[in-house]
Every structure is written in C-alpha cells, then in structure tokens.
Amino acid sequence: MSDNPTLESLHERIAALESELECKSNQIAELKRDCDRLEARLESASEVESGGESDTRTESDTEPKSKPKPACNCTCQCDPHTAKLEAALKKAATNKARIEELQARELEKGAHLAADHIDPHELDVPGNQLEQITKDDGRTYVRLPESADPLDDGHTTLAFGDLLPIQQLARMDADRRRATANALPTRLAARLWQARTDPQFGDDPWQAGCKDVREYVTASDLKHWIRRQEPGTSESYAKKLVSRTIDALLDLSKHRLAVHRTTQRKNGLEYTERRLVLPADADLPGETVSSEPPETAGVHG
C-alpha cells in the first residue's frame, strides 16, 4: 500500500512532464513559423532594394525551405546591371560607327584628320589605304594617299586641304557650299571658278586669253552670267554683284587673279571695261600650265 502513492506520484509526474513537453513543442513550432516569416520579409526587402521582384509568402508556409536563394538574388541583382551594360556597349558601338562614317566622308573630301582620333583598320575608304603626314604644328595627321583625289577622280594629286579656298569651295556640292559660305558673292565666286574647271557645269563665261593671260571673263559677261545663275536678279543688283563677286574671287584665290582695265570700241565709241584675269604664270595648286602659248582670242568691238 505504501508503494502505491509513489507510483501515483510518478504517473502524475510523467503526465506533467508530457504536458510540459507538448507545450514546449508548440512553442518551438511557433518560433519556427516566426523565423520563416522573418526570413521571407528579409528576402523581400533585399529583392526590392536590388530592383528585383519580391516574393510573396503566406503565414501557412510553415516548412523551412532549403534555399539556394543567395544565387537567385545574385542573378536578380546582376540582370539589371548586365542589361544596362549591354545597352551602353551597344550605344557606344553605334556612335563609333557613326563617327567612323563621318571620318571616312571627310577623308574622301580631302580632309586631314588628327591621327590620334583615327582607327585606320575600321575606316571604309577607297583603296583601304591612308597615309600619315606631319604638319608644321608637329602633330601627325591622316589623309587619303596623294595619288587619289576622290573629288576630282585623279585630276589633281593634292589633298583637299592643300588647295586654295576658291578651289575648295568650287569642289563642294551646293548644300555644303551654302553651309560654308553665307554670302551670295562668295557662292557666285565658287560657281564661277567651277564653271572654269568643270566641263559638266555648262554655263562657262570664261574666255581663252593670249600672251600673259591664260583666261579671263569680262565684267559685262559676268553680269549676264550672274542673272542666269540667279533668276529674278535685277540688272542694277547684278552690277553690284559683279564687283562683290570679283572681290570675293581675288580674296579666295589669294590674289592669284587680277583685274585689268581694257579700252574697247563699240558703235564708234570708246569705253573702259574691267576684266577678271587669270595670268598665264599663276600658281594654282593641282593645275599644270601648258608649255604652249595660249591661242589668240578675237578682239571685240
């Protein structure tokens, strides 16, 4: 009988321990759920900061997840940076291609470009050849070989930059010439020079000279030529343009040309006429002077 209380007390003790163990198990399970929820919140916050999409979790997700999540987060973080880098590289490549295209165009027009800014292996130029020259400033420049003149198809062995200003303007197309020269007399001077050197121009008022004169154009012929080139120009304004065009030609040719005054007779009357003259010995880059004397032109009047 004496042992029975002891057994009962043991049973009670065991029951109490089992109850306490169950309570602790419940507490542990609750703590695990809390940990899962906290981890989910931390992961969501991390993904939001890195620009990724946050994962949504519910409180019913009680099972701990074995997560190779760091690798996923790294991928999420890297993808936006990779996309930005690829976009930047693509934009840089596009800009580089545009610059190379512009450089090739300028070289074809005879420009001299600083060698430091040129990648010769990437430029698409006629003959795929460039030559380097050193100028007075000590810097190295790149241009097309002297044997090639893309603007004149070989009519001159000089690069565009070696020509006189009037020669450079005469070789430009109309749009480029208008962008370069705002003044109408300057553009007329360029067209007048082009008429002298380009057979395809058509309307050429120049005449062959004699003795010390290679070619010339009279002021009266120049006035009519200007009115043909600029339809709607009044005669009085054309006379003003004659003087301004002659001044522009003298300046742009660096005074390789000259103005002569000759006495002419018409209907029994004498008058003085101006002539814009290209002397026979004028030094024009890229133009050779014939060893034969020019033919004698007819005398008007």
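The C-terminal residue of the sequence shown carries number 301 in this note's numbering, and the numbering is unbroken.
Even for Gly, the Cβ is constructed at its ideal location relative to N, Cα and C.
Going by the CB atoms, is the gap between residue 227 and residue 233 shorter than 9 Å?
Translated into the one-based positions of the sequence shown, residue 233 becomes position 233. Translated into the one-based positions of the sequence shown, residue 227 becomes position 227. In contact: residue 233 and residue 227 (Cβ atoms closer than 9 Å).
Run through the DSSP bridge pairs and tell me what residue 140 is partnered with.
By one-based count along the sequence shown, residue 140 stands at place 140. Residue pairing of residue 140 in beta bridges, as defined by DSSP: 134.
Are at least three pairs of beta-carbons, each pair with one atom in the stretch 188-199 and one in the stretch 242-250, less than 8 Å apart?
yes
Going by C-alpha distance, which of 221, 199 and 209 is nearest residue 278?
Along the sequence shown, read from residue 1 onward, the residue named residue 278 stands at position 278. When only C-alpha atoms are compared, the closest one is 209.
Just the C-alpha distance for residue 257 and residue 172, rounded to the nearest angstrom, thanks.
On the sequence shown, residue 257 is found 257 positions in, with the first residue counted as 1. On the sequence shown, residue 172 is found 172 positions in, with the first residue counted as 1. If I take the Cα positions, the gap works out to 21 Å.
Under 9 Å, do residue 216 and residue 276 count as touching if we go by C-beta distance?
The residue given as residue 216 occupies position 216 in the sequence shown. The residue given as residue 276 occupies position 276 in the sequence shown. Yes, the Cβ-Cβ distance between residue 216 and residue 276 is below 9 Å.
Within this structure, are the beta carbons of residue 337 and residue 170 separated by less than 9 Å?
No answer is possible for residue 337: the residues shown for the chain start at 1 and end at 301.
My output table needs one value for residue 240: the three-state DSSP class, helix, strand or coil.
Numbered from its first residue, the sequence shown carries residue 240 at position 240. Residue 240 falls in the helix class under three-state DSSP.
State yes or no: is the C-beta of residue 86 within less than 9 Å of the C-beta of residue 124?
The residue you call residue 86 lines up with position 86 of the sequence shown. The residue you call residue 124 lines up with position 124 of the sequence shown. No. Outside cutoff.
Segment limits, alpha helix (DSSP H) that includes residue 262
Mapped onto the sequence shown, residue 262 falls at position 262. It is not in any alpha helix (DSSP H) - residue 262 instead sits in the beta strand (DSSP E) that spans 258-266.
If you reduce the DSSP assignment to three classes, tell me which class residue 248 lands in.
The residue labelled residue 248 in the question sits at position 248 within the sequence shown. Residue 248: helix per DSSP, three-state reduction.
Give a yes or no on whether the C-beta atoms belonging to residue 142 and residue 115 are separated by under 9 Å.
Residue 142 sits at position 142 when you count from the first residue of the sequence shown. Residue 115 sits at position 115 when you count from the first residue of the sequence shown. Yes, these two residues count as a Cβ contact at 9 Å.
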